[in-house]
Ligand code: ADP
Ligand code: ZN
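Numbering (the numbering used here), first residue to last: 95 to 631.
Printed below as a string of structure tokens:
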């Protein structure tokens with residue numbers, strides 16, 4: 095009803111303006127053509143003014159030139175804890191708040207102090223927003239969602255007034271859940287560089303949070319990827335005093351997330367969910383959802399009856415490594431790429447047989463890589479020295495294969511990413527983990543404690559040289575396999591796990607052929623991303 099009145103008044107104002115403009119424009123006996131042009135112009139101006147008047151307040155720009163999102167975001171959440179898989183601890187902890195949100199008076203009567211604020215922390219895509227929505231949905235209360243960056247403003251005081259406005263709206267709504275995503279944008283630790291504006295915004299948030307009474311039934315949830323960067327004032331009792339970690343899912347949790355997101359999809363029965371859960375280590379809930387969505391899109395594009403295992407496999411590789419692109423490399427360049435990847439794959443097969451070697455490809459994929467080898471380690475909580483050394487050897491094996499078969503002239507720029515990752519790992523062994531030389535000495539910590547302890551570069555170089563020599567020897571002793579794999583890659587462009595197994599199971603030729611390889615430059619940087627669990631080299 096109120097909206098109708100606003101529309102009527104807005105319409106009347108626009109008409110009045112149109113009439114006024116028309117009378118001004120037609121005041122001087124114009125020609126018929128002039129007259130119609132003027133009428134059109136007057137109507138256009140009136141329509142513009144009218145639409146500005148009629149635009150809802152939520153969409154109008156604020157004095158700092160930003161769209162006011164605070165009104166627009168209050169919504170009823172339709173999702174519940176049924177829509178969240180895994181995250182057992184977080185779900186249980188939040189479920190305990192549902193009853194409070196439904197009847198806060200009950201808790202007030204007992205003098206119970208519920209947490210004012212709950213902080214969910216963990217990597218992106220792990221379901222923090224989903225959990226907050228589920229809490230509001232389950233309790234049937236409005237959900238206010240904002241991002242910390244919405245409060246970060248250029249003008250002093252604007253952020254703080256936004257905070258106050260948000261809480262004013264929330265109070266009007268009665269019982270509700272307020273969710274502030276990326277709270278670190280407004281709640282970073284204060285230091286010399288922090289600005290008045292940010293301090294005021296944070297203070298406004300803290301004082302608004304303290305202003306609620308237990309009987310109000312308002313819960314503020316916030317999410318961050320970096321708990322350590324937050325201002326300690328935010329974490330004090332009475333503020334975000336409950337902190338819940340929302341971590342990456344383990345294997346069984348990934349299985350339950352995959353099952354949940356396949357509920358509404360016609361997936362073929364022969365899909366091996368266990369294997370998929372195994373191969374998706376370090377995937378977040380969001381990446382798993384995305385994977386199934388990609389598979390659904392490709393099945394829909396084919397107008398297939400069901401989503402087949404092959405759709406899921408293709409979506410998996412696309413998610414992990416990026417979509418395959420047609421190769422533009424020359425035949426000789428392709429030979430170098432195939433040799434380099436064969437080196438990685440062979441080293442992985444022999445040194446880390448516990449990993450699942452799922453794909454070797456010489457097609458360019460995401461992140462500018464010219465080819466890649468994907469080997470998936472089993473889930474484990476801690477790496478030992480041998481594991482790290484093996485990782486380094488697998489990284490160095492691409493370069494070792496180039497040199498072994500092609501000689502100095504075949505060295506390519508494509509190994510640069512492998513070499514820098516190997517250097518980082520060996521640096522950690524020497525500097526942080528005390529795994530080289532004196533077993534109780536971590537050079538970096540020693541340096542901090544004593545002011546000087548050497549930079550460890552010589553030790554790192556020695557370790558790298560040793561590991562490089564050992565992986566070169568390994569490849570030399572399996573040179574037949576190396577060349578066979580290289581040829582198979584040149585022929586098929588990519589090989590999956592079963593194809594690799596079949597290839598290795600067949601008899602080996604043993605003599606190493608004389609190389610015909612140019613010194614081609616190729617990029618071989620694996621895409622940066624969240625899926626580091628699957629090792630791409
Ligand atoms: P975050 O806020 O931690 O970045 P989101 O809550 O925005 O992550 O997650 C994005 C999407 O990923 C969700 O909408 C959902 O589809 C999916 N997702 C993430 N975690 C889970 C989970 N534990 N269970 C089911 N789906 C999940
Ligand atoms: Zn490589």
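Cβ coordinates follow ideal geometry from the N, Cα and C atoms, glycine included. Small disclaimer: the values here were computed from a predicted structure and weren't measured.
- Query: Mind checking whether residue 446 and residue 486 have CB atoms under 9 Å apart?
  - Reply: no
- Query: Does DSSP put residue 282 in a helix, a strand or coil?
  - Reply: Residue 282: strand per DSSP, three-state reduction.
- Item | Rounded straight-line distance, which links the Cα of residue 350 to that of residue 581 | 40 Å
- Message: Whether or not the region 209–229 and the region 255–269 are in contact is what I'm after, with contact meaning three or more pairs of Cβ atoms, one per stretch, closer than 8 Å; do they touch?
- Response: no
- Which whole-angstrom value is the C-beta distance of residue 380 and residue 216, which I expect to be below 8 Å? No, residue 380 and residue 216 are not in contact; Cβ-Cβ is about 12 Å, not under 8 Å.
- Query: Does the ligand ADP have even one heavy atom less than 8 Å from the beta-carbon of residue 229?
  - Reply: no
- Query: Going along the chain, which residues of its own chain have a beta-carbon closer than 8 Å to the beta-carbon of residue 529, five neighbours each way excluded?
  - Reply: Cβ within range, chain order: 479, 482, 523.
- Delimiting residues of the alpha helix (DSSP H) encompassing residue 379: Segment 379–396, the alpha helix (DSSP H) holding residue 379.
- What number of angstroms, rounded off, separates the C-alpha of residue 193 from the C-alpha of residue 233? 7 Å
- Query: Around the ligand ADP, which residues pass a check of Cβ closer than 6 Å to any of its heavy atoms?
  - Reply: Counting only beta-carbon distances shorter than 6 Å to the non-hydrogen atoms of the ligand ADP, the qualifying residues in chain order are 178, 179, 180, 181, 218, 219, 220, 221, 222, 223, 224, 317, 351, 354, 379, 380, 383.
- Identify, in the order they occur along the chain, each residue of the same chain with its Cβ nearer than 6 Å to the Cβ of residue 341, setting aside the five sequence neighbours on each side. The answer, listed in chain order, is 216.
- Query: Tell me the DSSP bridge mates of residue 240?
  - Reply: 274
- Kindly indicate which residue of 575, 178, 214, 553 has the alpha-carbon position closest to the one of residue 329. 214
- Message: Strictly by DSSP, which residues pair up with residue 316?
- Response: 213, 274.
- When you compare only the Cα positions, how much space is there between residue 624 and residue 427? In this prediction, residue 624 scores a pLDDT of 37, lower than 50, which makes its location untrustworthy; the coordinate-derived value is nonetheless stated afterwards. So the alpha carbons of these two residues sit roughly 30 Å apart.
- Three-state secondary structure assigned by DSSP to residue 630: strand
- residue 471 to residue 464 span [Cα, whole Å]: 23 Å
- Query: Span of the alpha helix (DSSP H) holding residue 542?
  - Reply: 537–544
- Query: Within 8 Å: the Cβ of residue 519 and any heavy atom of the ligand ZN?
  - Reply: no
- So is the beta-carbon of residue 558 under 8 Å away from any non-hydrogen atom of the ligand ZN? Flag unset: Cβ of residue 558 not near the ligand ZN.
- Whole angstroms is fine: what's the gap from residue 197's alpha carbon to residue 311's? Cα to Cα, residue 197 sits roughly 8 Å from residue 311.
- Query: Among 269, 246, 579, which one has its Cα closest to the Cα of residue 454?
  - Reply: For residue 454, the nearest C-alpha among the options comes from 579.
- beta strand (DSSP E) runs contained entirely in the region 437–464, provided each spans 3 or more residues: Within the region 437–464, the complete beta strand (DSSP E) runs of at least 3 residues fall at 450–455.
- Task: Would you give the residue range spanned by the beta strand (DSSP E) that residue 336 belongs to?
- Result: Here the beta strand (DSSP E) through residue 336 covers 336–339.
- Taking residue 295 as part of the alpha helix (DSSP H), name the residues at either end of that continuous run. Run containing residue 295: 290–304, per the alpha helix (DSSP H) assignment.
- Contact belief for residue 517 with residue 554 at Cβ below 8 Å, rounded distance in angstroms: That belief holds up - the Cβ atoms of residue 517 and residue 554 are roughly 7 Å apart, short of 8 Å.
- For residue 242, count neighbouring C-beta atoms within 10 Å of its own C-beta (all shown protein chains included) and say buried if the count is 16 or more, exposed if not. buried
- Message: Within 10 Å of its beta-carbon, does residue 159 have 16 or more other beta-carbons around it, so buried, or fewer, so exposed?
- Response: Residue placement at residue 159 cannot be trusted, given a pLDDT of 33 that sits under 50; the coordinates are not used to answer.
- Bounding residues of the beta strand (DSSP E) (the contiguous stretch that carries residue 583): From DSSP, residue 583 is part of no beta strand (DSSP E) but of the alpha helix (DSSP H) over 573–586.
- Please confirm whether any heavy atom of the ligand ZN lies closer than 8 Å to the CB of residue 433. It does not: the Cβ of residue 433 is nowhere closer than 8 Å to a heavy atom of the ligand ZN.
- Beta-ladder partner(s) of residue 413, from DSSP: DSSP, once it has assigned bridges, lists no residue as partnering residue 413.
- What residue does the beta strand (DSSP E) around residue 467 start on, and which one ends it? In the DSSP assignment, residue 467 falls within the unbroken beta strand (DSSP E) covering 466–470.
- Message: Pairs of beta-carbons, one from the region 275–283 and one from the region 177–188, closer than 8 Å: are there three or more?
- Response: No, the region 275–283 is not in contact with the region 177–188.
- Item | Range covered by the alpha helix (DSSP H) that runs through residue 373 | 367–373
- Is the number of C-beta pairs between the region 554–570 and the region 405–416 that are closer than 8 Å three or more? By the Cβ rule, the region 554–570 does not count as touching the region 405–416, because fewer than three pairs are nearer than 8 Å.
- Query: If we ignore side chains and look at the alpha-carbon of each, how far apart do residue 620 and residue 460 end up?
  - Reply: Summary for residue 620: the model assigns pLDDT 39, below 50, so the residue's position carries little reliability, and this model does not support an answer.
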